[in-house]
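**Student:** Before I ask anything, here is the structure I am working with.
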Amino acid sequence: MPHYRTLGEIPRQRHTQHRDDTGQLLFEELVGEEGFSSDSALLYHRGVPSALVDSQVWEPGDQTLAPNHPLKARHLRLHTLFVGGEYGDPVEGRRLVLGNNDVRISYVVTGTDPSSLYRNAIGDECVFVESGGGTVETVFGPLPYRSGDYVLIPRSTTHRWVPNQSSRLYAIEANSHIHPPKRYLSRFGQFLEHAPYCERDLHGPTQLMPPVDEAESDVDVLVKHRVGGQVVGTRMTYATHPFDVVGWDGCLYPYTFNIDDFMPITGKVHQPPPVHQVFEGWNFVICNFLPRKVDYHELAVPVPYYHSNVDSDEVMFYVGGDYEARKGSGIAIGSVSLHPGGYAHGPQPSAIEASLGAERFEESAVMVDTFAPLGIGEGGLAVEDPAYAWSWAGRTTGEDGGPAVFSNS
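If you're matching positions, the sequence shown starts at 1 in full-length UniProt numbering and goes up one per residue.
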């Protein structure tokens, strides 16, 4: 985070005695990145934050990945993962869609039941709220969320999701930290004038969690972590509740950023995806494409040119509007397309001519570009459209996966 915040009661100087009104000494917890060499926050607890009383195996769901082999483009219809009133737990109900050793993308449609207390010890999470609303309760305080929000949760932040309505959550789980692009920031961490958003658009907690019952003990927290490169889980039981924080300060905390507050950058001719970047992690970036005016050169071609991102796999999640470049491909709201590195991709052929003369696109999408190949999770395999890879050639395949044939559409 590029700026400092404080909530609650803290002592005048850090690492000095801090007592409550009864004279009880409070316990510091330093949450810091990169081994005391990067951003951190200092929290003050009533109970000992490391008072563990039990540790048991927790199974976080199917985390296996199938390789994208033979190599081809994929279309995954996420809105068919949860149908007929089916809901999933905001954490335990996530279904893995795509992933590699750097980032995993999952999807869930929640009801209104809260999740268990949870923390991801592998990396930061950036959860895009496709629809719905509620609160993420965290050790730093409650964080309201609404449709269109990115919810950024730093690694090992204990929290739980409390939806107040059914919510569609697109979870991007890193093996690293997730932060604004460095090129948007000054050397001191302030957003620069060319950045498409700024500090005013980032919303952290504004109050602490309500006081917890100090008699409450044996509190379970689900922890996602790695063993031998594999994603696993542990159910840790603590003697006191982690939401017993009376104050904190620092530059590391959860926050939300709403996609509508992003200011699209446009140009005389088609602009490349990096102008739409919103966040980055290790070996991946997150971009968003929003309703915007398009290219104003008299001979401009508004839809993307065909491109071979030789170093990247490109994942697009279509969340609103009418995506001009994909017309005729079967892509719709709720679709995810995977265009892997190793071959050229771009608009459907008919979309190029149709876009000429357009002055504005009404479309919204969240893109993840990775710099290592992605595998397909069980959730992705369950909702794949087998015809998509052949759509540029005007062909389709049968349900039996037989040879490509010409489409009548």
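Note that beta-carbon positions come from the ideal geometry of N, C-alpha and C, so glycine has one too. As the structure is a computational prediction, the values presented were derived from the model and not from experiment.
Relative to the C-alpha of residue 412, which residue among I331, E28 and L338 is closest?
**Tutor:** The question about residue 412 has no answer, for the chain in this structure spans 1 to 409.
**Student:** Helix or strand or just coil, what does DSSP make of P274?
**Tutor:** Indexing the sequence shown from 1 puts residue 274 at position 274. The answer is helix: DSSP assigns P274 an H, G or I state.
**Student:** Assuming E353 is part of the beta strand (DSSP E), what are its boundary residues?
**Tutor:** Reading the sequence shown from its first residue, position 353 is the one you call residue 353. E353 -> not in any beta strand (DSSP E); alpha helix (DSSP H) instead, spanning P349 to S355.
**Student:** Mind checking which residues open and close the beta strand (DSSP E) that includes E314?
**Tutor:** By 1-based counting over the sequence shown, the position of residue 314 is 314. Note, E314: beta strand (DSSP E), D313 to G321.
**Student:** To the nearest angstrom, how far is the alpha carbon of G47 from that of Y238?
**Tutor:** Numbered from its first residue, the sequence shown carries residue 47 at position 47. Numbered from its first residue, the sequence shown carries residue 238 at position 238. Each residue's alpha carbon lies about 10 Å from the other.
**Student:** Rounding to the nearest angstrom, what Cα-Cα distance links F191 and V57 in this structure?
**Tutor:** For the purposes of this step, residue 191 is taken as residue 191 along the sequence shown, with counting starting at 1. For the purposes of this step, residue 57 is taken as residue 57 along the sequence shown, with counting starting at 1. Looking at the two C-alpha atoms, the distance is approximately 42 Å.
**Student:** Can you tell me whether DSSP reads D249 as helix, strand or coil?
**Tutor:** Translated into positions along the sequence shown, residue 249 becomes position 249. Strand.
**Student:** Which residue or residues does DSSP assign as beta-bridge partners of F191?
**Tutor:** Reading the sequence shown from its first residue, position 191 is the one you call residue 191. DSSP output for F191 lists L185 as bridge partner(s).
**Student:** Using a Cβ-Cβ distance under 7 Å, would Q230 count as near chain C?
**Tutor:** Within the model displayed, chain C is absent; a lone protein chain is all it includes.
**Student:** Across which residues does DSSP place H339 in a beta bridge pair?
**Tutor:** Numbered from its first residue, the sequence shown carries residue 339 at position 339. Paired residue(s): E314.
**Student:** What residues in its chain sit with their C-beta under 8 Å from that of A51, if we drop five residues either side in the sequence?
**Tutor:** Here residue 51 corresponds to residue number 51 of the sequence shown, with the count starting at 1. Contacts found: Y238, A239 and T240.
**Student:** For A387, name the three-state secondary structure that DSSP assigns.
**Tutor:** Within the sequence shown, the letter at position 387 stands for residue 387. Here A387 sits in coil by DSSP.
**Student:** Is N164 buried or exposed, if buried means 16 or more other CB atoms sit within 10 Å of its CB?
**Tutor:** To locate residue 164, count along the sequence shown from 1; it is residue 164. N164 is exposed by the Cβ-count criterion.
**Student:** What is the DSSP secondary structure of G398, reduced to helix, strand or coil?
**Tutor:** Your numbering for residue 398 matches position 398 in the sequence shown. Note that G398 scores 44 on pLDDT, short of 50, meaning its location in the model is unreliable; the coordinates nonetheless yield the value given after this. Three-state result, G398: coil.
**Student:** Quick check on M367: buried or exposed, where buried means 16 or more other Cβ atoms within 10 Å of its Cβ?
**Tutor:** In the sequence shown, the residue the question calls residue 367 occupies position 367. Buried, by the Cβ-count rule.
**Student:** Taking S115 as the reference, which of H159, L42 and R155 has the closest Cα?
**Tutor:** Taking the sequence shown and counting its residues from 1, one reaches residue 115 at position 115. Closest by alpha carbon: H159.
**Student:** Provide the residue(s) that pair with R104 in DSSP beta bridges, ordered along the chain.
**Tutor:** Here the question's residue 104 lines up with position 104 in the sequence shown. Bridge partners of R104: G99 and E173.
**Student:** If you count every other CB in all the chains shown that lies within 10 Å of the CB of D369, and 16 or more means buried, which is it?
**Tutor:** If you number the sequence shown from 1, residue 369 lands on position 369. Buried.
**Student:** Per DSSP, R200 forms a beta bridge with which residues?
**Tutor:** For the purposes of this step, residue 200 is taken as the residue at position 200 of the sequence shown. R200 is not bridged to any residue.
**Student:** Go ahead and pull the three-state DSSP assignment for R326.
**Tutor:** On the sequence shown, position 326 is the one that residue 326 refers to. R326: helix per DSSP, three-state reduction.
**Student:** Is it the case that the CB of D249 approaches a heavy atom of the ligand ADP more closely than 6 Å?
**Tutor:** For the structure depicted, the ligand ADP is absent and the ligand set is empty, with no information on it obtainable.
**Student:** Can you list, in chain order, the residues of its chain with a C-beta nearer than 8 Å to that of Y305? Leave out the 5 residues immediately preceding and following it.
**Tutor:** Numbered from its first residue, the sequence shown carries residue 305 at position 305. Correct list, in chain order: H270 and G346.
**Student:** Give me whichever residues DSSP pairs with P373 in a beta bridge.
**Tutor:** Residue mapping note: residue 373 aligns to position 373 of the sequence shown, counting from 1. For P373, which the question treats as bridged, DSSP gives no partner whatsoever.
**Student:** Please report how far the alpha carbon of E125 lies from the alpha carbon of P181, in whole angstroms.
**Tutor:** Here residue 125 refers to the residue found at position 125 when the sequence shown is read from its first residue. Here residue 181 refers to the residue found at position 181 when the sequence shown is read from its first residue. Approximately 16 Å between the Cα atoms of the pair.
**Student:** Grouping DSSP H, G and I as helix and E and B as strand, with all else coil, what is W282?
**Tutor:** Taking the sequence shown and counting its residues from 1, the one referred to as residue 282 is at position 282. The answer is coil: DSSP assigns W282 none of H, G, I, E or B.
**Student:** Please name the residue in L65, P49 and G8 whose C-alpha comes closest to that of F217.
**Tutor:** Against the sequence shown, residue 217 aligns to sequence position 217. Correcting the residue identity first, residue 217 is Ser in this sequence and not Phe. Ranking the options by Cα distance to S217, first place goes to P49.
**Student:** When you compare each of D113, T157, K72 and G111 to L30 by their alpha carbons, which one comes out closest?
**Tutor:** Within the sequence shown, residue 30 is the residue found at index 30, counting from 1. Cα-wise, what sits closest to L30 is T157.
**Student:** Going by C-alpha distance, which of C287, L71, I259 and A393 is nearest Y343?
**Tutor:** Against the sequence shown, residue 343 aligns to sequence position 343. When each option's Cα is compared against that of Y343, the closest is L71.
**Student:** Cutting at 6 Å between CB atoms, please list the residues of its own chain near Y253, excluding the five before and the five after it.
**Tutor:** Counted from its first residue, the sequence shown places residue 253 at position 253. Correct list, in chain order: A41, F140 and G204.
**Student:** Do A195 and S106 have their CB atoms nearer than 7 Å?
**Tutor:** Taking the first residue of the sequence shown as 1, we reach residue 195 at position 195. Taking the first residue of the sequence shown as 1, we reach residue 106 at position 106. No, these two residues do not count as a Cβ contact at 7 Å.
**Student:** The alpha helix (DSSP H) with G141 in it runs from where to where?
**Tutor:** Here residue 141 corresponds to residue number 141 of the sequence shown, with the count starting at 1. From DSSP, G141 is part of no alpha helix (DSSP H) but of the beta strand (DSSP E) over G141 to R146.
**Student:** Assuming Y87 and V103 make a contact with CB atoms under 8 Å, what is their CB distance in whole Å?
**Tutor:** Along the sequence shown, one-based indexing puts residue 87 at 87. Along the sequence shown, one-based indexing puts residue 103 at 103. That belief does not hold up - the Cβ atoms of Y87 and V103 are roughly 25 Å apart, past 8 Å.
**Student:** On the DSSP letters alone, give me the boundaries of the beta strand (DSSP E) that G134 sits inside.
**Tutor:** As a first step, residue 134 is located in the sequence shown; it is residue number 134 there, counting from the start. Per DSSP, G134 belongs to the beta strand (DSSP E) from G133 to T138.
**Student:** With DSSP as the reference, label A404 as helix, strand or coil.
**Tutor:** Taking the first residue of the sequence shown as 1, we reach residue 404 at position 404. In this prediction, A404 has a pLDDT of 39, which is less than 50 and means its spatial position is unreliable; what the coordinates show is noted afterwards. A404: coil per DSSP, three-state reduction.
**Student:** Apart from the five residues on each side of it in sequence, which residues of its chain come closer than 8 Å, Cβ to Cβ, to P302?
**Tutor:** In the sequence shown, residue 302 corresponds to position 302, counting from 1. Excluding positions up to five away in sequence, the list reads H270, V294, D295, E324, S355, L356, A358 and F361.
**Student:** How about L98 and G334: do their beta carbons lie closer than 7 Å?
**Tutor:** As a first step, residue 98 must be located in the sequence shown, where it is residue number 98. As a first step, residue 334 must be located in the sequence shown, where it is residue number 334. Contact flag unset, no.
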